[in-house]
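Asker: Can you read through this structure? Questions will come right after.
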Amino acid sequence: MRVVFYCQHVLGVGHVFRSLEIIKGLADHEVIMVTGGAEVDFDLPPNMTHIQLPGLMMSPDFKTFIPLEQGVTDVDALLERRLEQFKEIMAEYRPDVFLVELFPFGRKKFRFELLPILEGVHAGTWGPCKAVCSVRDILVEKDDMGKFTRGVLKMLNPNFDSVLVHADPSLVQFDETFPGVSEMEPSLHYTGYVARKPDPGAGLALREELALGETPLIVLSVGGGNVGQELLESVLAASPRLAETHSHRLCVFTGPYATEGALAEYQAVAEKCDWITVKRFTKRFPDYLAAADLSVSLGGYNTTMNLLAANTYGLMLPFAQNREQRMRTSRLDERGIVKMILPEDLPAQSMADHLADALDRKSTPHGIDLDGGAKSARILEQLIAE
């Protein structure tokens with residue numbers, strides 16, 4: 004089976020890394036991953052070819068395209084160039100499956116290239132091919148949900164064969180945030196959550212590498228680093244207070260998109276505290292979570308699933324701009340799997356108290372389905388066999 008997998012990220016990097024885990028689940032098949040955002044440093048799975056379209060990001064209000072190629076100002080010409088390259092990719096690889104991350108439940112601005120490709124798939128322009136949407140568990144809310152739902156169904160029903168929802172319905176069901184499920188014509192499949200799992204023994208090996216001994220390790224992260232600065236500042240301010248009663252090591256990951264100025268400020272704090280290290284990013288993040296006694300993070304999909312896969316306790320501050328992170332985090336909090344913290348918990352002493360309490364907690368078995376990568380592959384195989 005040959006799969007062309009389209010993934011366009013515009014804010015963070017979580018969409019890309021979740022897609023990579025799905026590609027790893029497709030290890031017995033050839034995958035051509037087509038991306039079009041800022042370049043992201045990742046290791047290519049052996050079964051994957053990566054093709055980067057001319058780069059585009061979005062303005063903070065998600066209304067305007069921002070070209071990433073230096074000196075490019077003609078956006079319309081860039082959009083035409085992307086579409087032509089996309090058509091060439093489809094003609095060269097003639098996939099069995101065209102897998103699209105999020106659209107049409109999001110990325111509506113990218114319909115300029117996706118709808119022509121989907122129409123070509125439906126018409127058999129590049130041979131027999133199934134169109135499948137890959138979407139996370141929770142959609143962000145809209146001002147006019149009825150209008151949004153009608154718009155999604157208008158693009159979804161004529162163009163897609165199946166929808167893969169990367170969730171465990173025992174935690175979240177898709178119709179809770181998309182009321183049009185009953186009107187969907189493509190088949191809907193829950194895959195379980197997509198989680199990057201640490202290698203067996205990787206956590207213990209990393210603890211030895213860091214010479215931790217019995218010292219508790221706290222891992223602080225904020226995803227890509229576009230948001231979450233207030234959490235970084237809070238924990239960095241709380242750590243010296245915590246150190247008065249709880250010896251610990253703090254590893255901070257600012258995210259690849261943290262500004263140089265912010266990174267320098269965090270590193271200046273670390274220079275005064277020999278138990279703190281600050282880095283932008285690590286490819287071994289699941290290993291760090293497996294090694295950790297406590298994680299402190301935002302509540303993004305990937306970080307949450309990495310945490311569950313590591314079976315490590317966490318403090319989570321949901322991103323406040325929409326309901327996605329708070330909805331998921333609050334349900335995990337209700338099960339005692341994580342502790343949800345809020346902006347009022349960010350003052351240094353309050354955060355130090357939360358950290359101390361959390362270090363005394365032990366993680367509990369959660370029973371949440373984290374096999375979304377492998378199950379996605381099996382569903383696609385069955386779809387092609389029909």
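Here the sequence shown stands for residues 4 to 389, where the numbers follow the working numbering. Heads up, the beta-carbon is just placed ideally off N, CA and C, and yes, glycines get one too.
(1) Ordered along the chain, which non-local residues of its own chain (more than five positions away) have a Cβ less than 8 Å from that of L215?
(2) Buried or exposed: where does S137 fall if 16 or more other Cβ atoms within 10 Å of its Cβ makes it buried?
(3) Beta carbon of L56, beta carbon of G28: below 7 Å?
(4) Count the C-beta pairs between the stretch 98-112 and the stretch 121-138 that are closer than 8 Å, then say yes if the count reaches three, no if not.
(5) Alpha carbon to alpha carbon, how far is K111 from F181?
(6) Going by alpha carbons, who is nearest to T152 out of H125, L174 and M187?
(7) Is the separation between the beta-carbon of L59 and that of F68 shorter than 7 Å?
(8) If you drop the 5 nearest sequence neighbours on each side, which residues of the same chain put their C-beta closer than 8 Å to that of P172?
(9) How many whole angstroms separate the CB atoms of L239 and Y269, which I take to be in contact at a CB cut-off of 8 Å?
(10) Please determine if the stretch 351-361 and the stretch 155-162 are in contact, where contact requires at least 3 C-beta pairs separated by less than 8 Å.
(11) For D290 versus P201, is the C-beta distance shorter than 7 Å?
(12) Return helix, strand or coil for T262, following the three-state DSSP convention.
(13) Within this structure, are the beta carbons of M395 and D336 separated by less than 7 Å?
(14) Please report how far the alpha carbon of E384 lies from the alpha carbon of H169, in whole angstroms.
(15) Going by alpha carbons, who is nearest to I35 out of M93, D44 and P243?
(16) Under 7 Å, do V341 and M308 count as touching if we go by C-beta distance?
(17) Using a Cβ-Cβ cutoff of less than 6 Å, which residues in the same chain neighbour P219 once the five nearest sequence positions on both sides are dropped?
(18) Could you name the residues of the same chain whose beta carbon sits closer than 8 Å to that of P98, not counting the 5 residues immediately before and after it, in chain order?
(19) Of the residues C10, S242 and L23, which one's Cα is nearest the Cα of P48?
(20) Tell me whether C10 is buried or exposed, calling it buried when 16 or more other Cβ atoms sit within 10 Å of its Cβ.
(21) With F89 and E122 assumed to form a contact (beta carbons below 8 Å), what rounded beta-carbon distance in angstroms separates them?
(22) Return the chain-ordered ranges of every alpha helix (DSSP H) run that is complete within the stretch 234-312 and spans a minimum of 4 residues.
(23) Pull the bridge partners of Y2 from the DSSP assignment, please.
(24) Taking Cβ to Cβ, would you say V255 is nearer than 7 Å to V281?
(25) With DSSP run on the structure shown, which of helix, strand or coil describes M158?
(26) Hey, out of D147, L311 and E217, whose CA is closest to L174's CA?
(27) Using 10 angstroms around the beta-carbon of Q352, count the other beta-carbons present and answer buried if the total reaches 16, otherwise exposed.
(28) Check for me: the alpha helix (DSSP H) holding R5 runs from which residue to which?
(29) Here's the rule I'm using: 16 or more other beta-carbon atoms within 10 Å means buried, otherwise exposed. How should A271 be labelled?
(30) Quick one: residues in its chain with C-beta nearer than 7 Å to the C-beta of C276, no 5 flanking neighbours on either side, listed in chain order?
(31) Here's a check: name, in chain order, each residue in its chain whose Cβ is nearer than 7 Å to the Cβ of S333, leaving out the five neighbours to either side.
Answerer: Considering the structure as presented:
(1) Reading the sequence shown from its first residue, position 212 is the one you call residue 215. So the qualifying residues of the chain are R252 and A294.
(2) By 1-based counting over the sequence shown, the position of residue 137 is 134. Buried, by the Cβ-count rule.
(3) On the sequence shown, residue 56 is found 53 positions in, with the first residue counted as 1. On the sequence shown, residue 28 is found 25 positions in, with the first residue counted as 1. No, Cβ-Cβ distance for L56 and G28 is not below 7 Å.
(4) In this structure the stretch 98-112 touches the stretch 121-138; the number of beta carbon pairs closer than 8 Å is three or more.
(5) Counting from one through the sequence shown, the residue named residue 111 turns up at place 108. Counting from one through the sequence shown, the residue named residue 181 turns up at place 178. Each residue's CA atom was taken as its position, placing K111 and F181 some 16 Å apart.
(6) Position 149 of the sequence shown, counted from the first residue, corresponds to residue 152. Of the candidates H125, L174 and M187, the one whose C-alpha sits nearest the C-alpha of T152 is M187.
(7) In the sequence shown, counting from the first residue as 1, residue 59 sits at position 56. In the sequence shown, counting from the first residue as 1, residue 68 sits at position 65. With respect to the 7 Å criterion, L59 and F68 are classified as neighbours on the basis of their beta carbons.
(8) In the sequence shown, the residue the question calls residue 172 occupies position 169. Within the same chain, P172 has close Cβ partners Y193.
(9) Within the sequence shown, the letter at position 236 stands for residue 239. Within the sequence shown, the letter at position 266 stands for residue 269. Confirmed, about 6 Å.
(10) By the Cβ test, the stretch 351-361 is not in contact with the stretch 155-162, since fewer than three Cβ pairs between them sit closer than 8 Å.
(11) As a position in the sequence shown, residue 290 is number 287, starting the count at 1. As a position in the sequence shown, residue 201 is number 198, starting the count at 1. Between D290 and P201, the CB-CB gap stays under 7 Å.
(12) In the sequence shown, the residue the question calls residue 262 occupies position 259. Coil.
(13) The chain is shown from 4 up to 389; residue 395 falls before or after that span and cannot be answered.
(14) As a working mapping, residue 384 is identified with position 381 in the sequence shown. As a working mapping, residue 169 is identified with position 166 in the sequence shown. The alpha-carbon separation between E384 and H169 amounts to approximately 17 Å.
(15) If you number the sequence shown from 1, residue 35 lands on position 32. For the residues M93, D44 and P243, the minimum Cα distance to I35 belongs to M93.
(16) To locate residue 341, count along the sequence shown from 1; it is residue 338. To locate residue 308, count along the sequence shown from 1; it is residue 305. Judged by beta-carbon spacing, M308 lies beyond the 7 Å limit of V341, meaning their Cβ atoms are not closer than that value.
(17) In the sequence shown, the residue the question calls residue 219 occupies position 216. So the qualifying residues of the chain are H251, D296 and L362.
(18) Counting from 1 along the sequence shown, the entry for residue 98 is found at position 95. Cβ neighbours of P98 beyond the five flanking positions: R5, V6, V7, I35, W129 and C132.
(19) For the purposes of this step, residue 48 is identified with residue 45 of the sequence shown, where counting begins at 1. Its Cα nearest to that of P48, the residue L23 stands out among C10, S242 and L23.
(20) For the purposes of this step, residue 10 is taken as the residue at position 7 of the sequence shown. It counts as buried.
(21) Here the question's residue 89 lines up with position 86 in the sequence shown. Here the question's residue 122 lines up with position 119 in the sequence shown. Taking the Cβ atoms as the reference, F89 lies roughly 12 Å from E122, outside the contact range of under 8 Å.
(22) Runs of the alpha helix (DSSP H) inside the stretch 234-312: 263-274 and 288-294.
(23) Residue 2 lies beyond the stretch modelled for the chain, which goes from 4 to 389, so this question has no answer here.
(24) Within the sequence shown, the letter at position 252 stands for residue 255. Within the sequence shown, the letter at position 278 stands for residue 281. With contacts defined as CB atoms closer than 7 Å, V255 and V281 qualify as a contacting pair.
(25) Locating residue 158 in the sequence shown gives position 155, where the first residue counts as 1. Annotated three-state conformation of M158 is helix, per DSSP.
(26) By one-based count along the sequence shown, residue 174 stands at place 171. Among D147, L311 and E217, the Cα nearest to that of L174 is on L311.
(27) Translated into positions along the sequence shown, residue 352 becomes position 349. Exposed, because fewer than 16 other Cβ atoms sit within 10 Å of the Cβ of Q352.
(28) Locating residue 5 in the sequence shown gives position 2, counting from the first residue. Not the alpha helix (DSSP H): R5 falls in the beta strand (DSSP E), residues R5 to C10.
(29) Here residue 271 refers to the residue found at position 268 when the sequence shown is read from its first residue. Classification of A271: exposed, given that the 10 Å Cβ count is below 16.
(30) Here the question's residue 276 lines up with position 273 in the sequence shown. For C276, where only same-chain residues beyond five positions count, the Cβ hits under 7 Å are S242 and P243.
(31) Along the sequence shown, one-based indexing puts residue 333 at 330. Excluding sequence neighbours, S333 sits near M343.
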